[in-house]
Amino acid sequence: MKVKVDERGYYGNFGGAYIPEMLYPNIEELRENYEQIMQAPDFQEQFQSLLKDFVGRPTPLYFAERLSEKYGAKIYLKREDLCHTGAHKVNNTIGQILMAQRLGKKKIIAETGAGQHGVATATVCALMGVECIVYMGAIDMERQKPNVERMRILGAEVRAAESGSKTLKDATNEAMRHWINNPKDTHYIIGSVVGPHPYPEMVARFQSVISEEIKKQLQTHEGRENPDYVIACVGGGSNAAGAFYHYYDEVDVNLVAVEAAGLGNHTGESAATTVLGKPGVLHGSKTLLMQTEDGQVVEPYSISAGLDYPGIGPVHAHLFETGRATFYSVTDEEAMKSGIALSRLEGIIPAIETAHAFAALNQMTFKKDDVVVINLSGRGDKDLETYIKWGKY
24 MKVKVDERGY YGNFGGAYIP EMLYPNIEEL RENYEQIMQA PDFQEQFQSL LKDFVGRPTP
84 LYFAERLSEK YGAKIYLKRE DLCHTGAHKV NNTIGQILMA QRLGKKKIIA ETGAGQHGVA
144 TATVCALMGV ECIVYMGAID MERQKPNVER MRILGAEVRA AESGSKTLKD ATNEAMRHWI
204 NNPKDTHYII GSVVGPHPYP EMVARFQSVI SEEIKKQLQT HEGRENPDYV IACVGGGSNA
264 AGAFYHYYDE VDVNLVAVEA AGLGNHTGES AATTVLGKPG VLHGSKTLLM QTEDGQVVEP
324 YSISAGLDYP GIGPVHAHLF ETGRATFYSV TDEEAMKSGI ALSRLEGIIP AIETAHAFAA
384 LNQMTFKKDD VVVINLSGRG DKDLETYIKW GKY
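See the structure below:
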């Protein structure tokens, strides 16, 4: 099976550009130009230079010895938490700020859930001297205060989304409305592999540096480019898309995506889209979506702000439908326990989003020589208050 987007932005049955007429000029301008810009040698030279000298790439591929002993496999951690700003998100924002400049845009808007994408966007806007507005759900602003403060220090304006569940979905709605009303001078930096074509593929390509580096680093560590498993958490799914990208068509590599089950998949408080969702349209693309019988979006729930989203990117919907990837879901409780366990086994406090990926290890069985790569997508500094409250430390 080949996993490849077509000219209309579809991965199999999912993708496309379902947009209001007023947004058409914005999307069409990006669609017509992004491929040419992406392939320009001077664009790639500037992008790669900033990834190296500003972001700090390549990030290490770290052999987690004690974690390996616990689960009976050879487990490596791709340390995206060591990127500047503390998560993989900055890979994409570097690419998109350069894209916006090539398109002549003077202002940037973004949405954020956990705050990591907002911080990454505010960071690159400060770097380039560009005005930045970040939309964030009011509830997310409360549970991710340190990141709100970081964005403001970097010079960004953070606007609260007060509608709906006051989380990532509602922040995305507000950002879309802003973009529709400001089409000429504004670029919308979407933070995940969601939205209308070409966003899902463009973001995945900017994040594909993760799997590109894994291949090279695993060759050094193990004498082969392909692991037996690549594991990543999935909300919208940008870190998973980046970790899977160069392995989509390597059928000997098991792709494992981990969703948030919140309080349990059948409690009404979950964000596990592949368990609870069905095909629908959200934020400009056809994907799997948690919705009622009459098509109303079901409010998701997760302790993790970054996974608190009612859909997944269209590429992940395709991977699920075709069986190319295996999807697991883990509860808040399981994720928090795994986050603490990793902290005490390896001296690394992961973001709660990432802790979901580690919790899936408890549902899997391995052979002792299996090589497993887990994408450690972000660090847990922003989640310390939640960890402290949960563990009563």
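Converting from the sequence shown to this note's numbering requires adding 23 to each position, the first position being numbered 1.
We put the CB at the ideal spot given by N, CA and C, even for glycine.
State the DSSP-derived secondary structure class of residue i, mapped to helix, strand or coil.
| i | result |
| --- | --- |
| residue 162 | helix |
| residue 332 | coil |
| residue 396 | strand |
| residue 106 | coil |
| residue 153 | coil |
| residue 347 | coil |
| residue 41 | coil |
| residue 303 | strand |
| residue 181 | strand |
| residue 402 | strand |
| residue 338 | helix |
| residue 252 | strand |
| residue 326 | coil |
| residue 308 | strand |
| residue 321 | coil |
| residue 273 | coil |
| residue 121 | helix |
| residue 224 | helix |
| residue 126 | coil |
Relative to the alpha-carbon of residue i, which residue among the options has its alpha-carbon at the smallest distance?
| i | options | result |
| --- | --- | --- |
| residue 131 | 180, 103 and 95 | 180 |
| residue 28 | 395, 80, 407 and 340 | 340 |
| residue 110 | 276, 390, 376 and 386 | 376 |
| residue 407 | 103, 363 and 399 | 363 |
| residue 74 | 112, 59 and 39 | 112 |
| residue 397 | 116, 97 and 52 | 97 |
| residue 41 | 332, 222 and 325 | 222 |
| residue 23 | 115, 276 and 202 | A question about residue 23 goes unanswered here, because the residues of the chain that appear run from 24 up to 416. |
| residue 355 | 326, 123 and 332 | 326 |
| residue 393 | 178, 50 and 254 | 254 |
| residue 324 | 53, 150, 333 and 219 | 333 |
| residue 405 | 161, 166, 124 and 34 | 166 |
| residue 206 | 52, 411 and 36 | 52 |
| residue 245 | 55, 86 and 44 | 86 |
| residue 149 | 159, 160, 242 and 177 | 177 |
| residue 88 | 211, 344, 395 and 279 | 395 |
| residue 33 | 391, 128 and 342 | 342 |
| residue 228 | 328, 60, 345 and 156 | 60 |
Residue i bridges to which residues according to DSSP?
| i | result |
| --- | --- |
| residue 283 | 353 |
| residue 70 | Per DSSP, none; premise fails for residue 70. |
| residue 132 | 156 and 211 |
| residue 34 | 37 |
| residue 101 | 84 and 398 |
| residue 292 | 287 |
| residue 240 | Per DSSP, none; premise fails for residue 240. |
| residue 314 | 320 |
Provide the residue span of the beta strand (DSSP E) that contains residue i, from first to last.
| i | result |
| --- | --- |
| residue 231 | Per DSSP, residue 231 belongs to no beta strand (DSSP E) and is neither H nor E. |
| residue 86 | 84-86 |
Leaving out five residues before and five after residue i in sequence, what residues of the same chain have Cβ atoms less than 8 Å from its Cβ?
| i | result |
| --- | --- |
| residue 299 | 288, 293, 313 and 321 |
| residue 281 | 254, 255, 256, 257, 350, 351, 352, 353, 379, 380, 382 and 383 |
| residue 107 | 77, 78, 79, 113 and 146 |
Residue i lies in the alpha helix (DSSP H); which residues open and close that run?
| i | result |
| --- | --- |
| residue 198 | 191-204 |
| residue 171 | 168-176 |
| residue 382 | 375-382 |
| residue 261 | 261-267 |
| residue 46 | No alpha helix (DSSP H) contains residue 46, which DSSP labels as neither H nor E. |
| residue 407 | 407-414 |
Can you list, in chain order, the residues of its chain with a C-beta nearer than 7 Å to that of residue i? Leave out the 5 residues immediately preceding and following it.
| i | result |
| --- | --- |
| residue 386 | 351 |
| residue 195 | 134 and 306 |
| residue 336 | 215, 216, 217, 223, 259, 260, 264 and 310 |
| residue 70 | 117, 118 and 121 |
| residue 247 | 241 |
Quick one: what's got a C-beta closer than 6 Å to residue i's C-beta in the same chain, skipping five residues either side?
| i | result |
| --- | --- |
| residue 359 | 413 |
| residue 151 | 120 |
| residue 154 | 130 |
| residue 171 | 164 and 181 |
Does any residue of chain D bring its CB to less than 8 Å from the CB of residue i?
| i | result |
| --- | --- |
| residue 404 | Within the model displayed, chain D is absent; a lone protein chain is all it includes. |
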